[in-house]
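The sequence shown begins at 1 in full-length UniProt numbering and counts up one residue at a time. For every residue, glycine included, the Cβ atom is placed at its ideal position computed from N, Cα and C. Comments concern the structure below.
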Amino acid sequence: MSDTNSELLAALESADQIKVGDVVTGEVLAIDNDNQAVIGLHTGEEGVVPAREYSDDRSVNLADDLKVGDTIETVVVSNVTSDKEGVAYLLSKKRLEARKAWEKLSFAEGDVVDATVLNAVRGGLIVDVQGIRGFVPASMVAERFVSDLNQFKGQDIKAEVIEIDPAKARLILSRKAVAAQERAEKLQEAFSRLTVGEVVEGTVARLTDFGAFVDLGGVDGLVHVSEISHDRVKNPADVLSKGEKVNVKILALDTERGRISLSIKATQPGPWDEVAEKAPAGTVLEGTVKRVKDFGAFVEIFPGIEGLVHVSQISHKRVENPADVLKSGDKVKVQVLDVKPQEERISLSMKALEEKPANKREDNQDSNGASRADVAAYQQEDEGAATLGDLFGDKL
Numbered sequence: 001m002s003d004t005n006s007e008l009l010a011a012l013e014s015a016d017q018i019k020v021g022d023v024v025t026g027e028v029l030a031i032d033n034d035n036q037a038v039i040g041l042h043t044g045e046e047g048v049v050p051a052r053e054y055s056d057d058r059s060v061n062l063a064d065d066l067k068v069g070d071t072i073e074t075v076v077v078s079n080v081t082s083d084k085e086g087v088a089y090l091l092s093k094k095r096l097e098a099r100k101a102w103e104k105l106s107f108a109e110g111d112v113v114d115a116t117v118l119n120a121v122r123g124g125l126i127v128d129v130q131g132i133r134g135f136v137p138a139s140m141v142a143e144r145f146v147s148d149l150n151q152f153k154g155q156d157i158k159a160e161v162i163e164i165d166p167a168k169a170r171l172i173l174s175r176k177a178v179a180a181q182e183r184a185e186k187l188q189e190a191f192s193r194l195t196v197g198e199v200v201e202g203t204v205a206r207l208t209d210f211g212a213f214v215d216l217g218g219v220d221g222l223v224h225v226s227e228i229s230h231d232r233v234k235n236p237a238d239v240l241s242k243g244e245k246v247n248v249k250i251l252a253l254d255t256e257r258g259r260i261s262l263s264i265k266a267t268q269p270g271p272w273d274e275v276a277e278k279a280p281a282g283t284v285l286e287g288t289v290k291r292v293k294d295f296g297a298f299v300e301i302f303p304g305i306e307g308l309v310h311v312s313q314i315s316h317k318r319v320e321n322p323a324d325v326l327k328s329g330d331k332v333k334v335q336v337l338d339v340k341p342q343e344e345r346i347s348l349s350m351k352a353l354e355e356k357p358a359n360k361r362e363d364n365q366d367s368n369g370a371s372r373a374d375v376a377a378y379q380q381e382d383e384g385a386a387t388l389g390d391l392f393g394d395k396l
């Protein structure tokens, strides 16, 4: 054989060889029980496309998308050793599609693009941008930390491109800046439609130790723990749950700080609304000691309503320290002295219900009950008066 013919034959054989990275077109020969498609190639060899190399959709069933005899274009990922006779290559349809997408790249770093969240992983979100696989780190998903990233699966989001490296097929995006801008726009819209004093319906979005954030339609307002109920609330989670619908009153709109203050209890009848009718001055009630202070004791007379028994109103006997005679949980009878509903104050007395001791006298009385001031005035006047002896001398 001539040298020319040998070179031509070698060139033809080389042209038939398949290399890693080559784009090949083949025919679907079979779809096996492992959810893999066996592909016949022009060299007479076979390749295999596993479901994971066909699509990013983990639930894909190749038997639903392909049938024997279909033509499919793939890229060669690697040479493989397989138990199946003739299978020589690992092929990928999704990598070829990604390569084509990179070649048609139409965005740059700093651009805001539309992305579809494919999956949530430990470090962030896997997204698809115009056929290119990208990654949004967990720290760049939102303005605040998001504990459950699964809520974004399947969502279409907008994100800013912060890094592109076609050579490494690397695409990193951030949703944080976009989310901040979207929030600012939604806040501006909310401030334009909401008014202080208005009552609106919202949804509990998240709970914290200091209160509950309520979604008012794209923006959150805060219900401080003190504004949840007229009753004392220690933990907001004890009385509210995420997703619960609630009516809230707009307390304040802070446009400079972008904050909305809300109240749930302001939409509900308060325990003080009818207290003046239920407990006018002179009413005798039974209550429970809730707190004991140096200056007196707070007694709950109705649910959510506490009145003060001043230390001077505890007993006719002198009380130096209220804790010496009262403790939290004690049941006591009290008389209402004064009611100020607007100030949410009520004055109570325990000693008013006690019989005054017979020998009890006020500090300005002597042992016979006479006024010390009157006696002193009489004595002073009496000192200047003349006696019978002064007037008549020895004649008597």
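- The continuous stretches of alpha helix (DSSP H) do not include K293, which lies in the beta strand (DSSP E) extending over residues V284 to K293.
- Boundaries of the alpha helix (DSSP H) harbouring F191: K176 to R193, taken from the DSSP string.
- In the DSSP assignment, L90 is bridged to V48 and S78.
- Sequence-distant Cβ neighbours of G287 in its own chain, meaning closer than 7 Å and more than five residues away, are V299, E300, I301, V332 and V334.
- For D330, same chain residues with a beta-carbon under 6 Å away, outside a window of 5 residues either side, are V289 in chain order.
- In the DSSP assignment, N247 forms a beta bridge with E201.
- Per DSSP, V275 is one residue of the alpha helix (DSSP H) stretching across V275 to K278.
- The Cβ atoms of A281 and V339 sit closer than 8 Å to each other.
- Excluding the 5 residues flanking it on each side, A212 has same chain C-beta neighbours closer than 6 Å at V204, V223, P236 and L240, in chain order.
- At least 8 Å separates the beta-carbon of A88 from that of E53.
- In this chain, the beta strand (DSSP E) harbouring L125 covers G124 to V129.
- Per DSSP, L222 is one residue of the beta strand (DSSP E) stretching across D220 to H224.
- In the DSSP assignment, D165 falls within the beta strand (DSSP E) that extends over D156 to D165.
- The continuous alpha helix (DSSP H) containing A63 extends over residues L62 to D65.
- Cα atoms of V127 and R170: separation of roughly 12 Å, rounded to the nearest angstrom.
- One alpha carbon belongs to P303, the other to F152, and they sit about 43 Å apart.
- L90 sits buried, since 16 or more C-beta atoms from the chains shown fall within 10 Å of its C-beta.
- As the crow flies, the alpha-carbon of R291 is around 15 Å from that of S349.
- DSSP links D114 through a beta bridge to K158.
- Counting only the Cα atoms, V141 lies some 24 Å from W102.
- Ranking V246, L262, N247 and K245 by CA distance to the CA of L253 puts L262 first.
- Here the alpha carbon of L66 sits roughly 19 Å from the alpha carbon of H42.
- Between L173 and A115, the C-beta spacing is below 8 Å.
- In this structure, DSSP gives P137 an extended state, which the three-state scheme calls strand.
- Residues W102 of the same chain have their beta carbon placed closer than 6 Å to that of P166, with the five preceding and five following residues left out of the count.
- Residue range V23 to I31 is occupied by the beta strand (DSSP E) that includes T25.
- Residues of the same chain with a CB within less than 6 Å of the CB of G270, apart from the 5 flanking positions on each side, are H230 in chain order.
- By the 16-neighbour rule on beta-carbons within 10 angstroms, Q155 is exposed.
- Per DSSP, the beta bridge partners of L171 are I164.
- Within its own chain, the residues whose Cβ lies closer than 6 Å to the Cβ of G134, once the five positions on either side in sequence are excluded, are V127, L171 and L173, listed in chain order.
- If you draw a straight line from the Cα of Q188 to the Cα of E163, it comes to about 31 Å.
- Residues I305, P341 and E344 of the same chain have their beta carbon placed closer than 7 Å to that of W272, with the five preceding and five following residues left out of the count.
- Rounded to the nearest angstrom, the Cβ distance from K93 to T74 is 5 Å, consistent with a contact under 8 Å.
- Distance from the CA atom of G69 to the CA atom of R58, rounded to whole angstroms, is 24 Å.
- In the three-state scheme derived from DSSP, where H, G and I count as helix and E and B as strand, D231 is classed as coil.
- Taken atom to atom, the span from the alpha-carbon of Q130 to that of A266 is near 49 Å.
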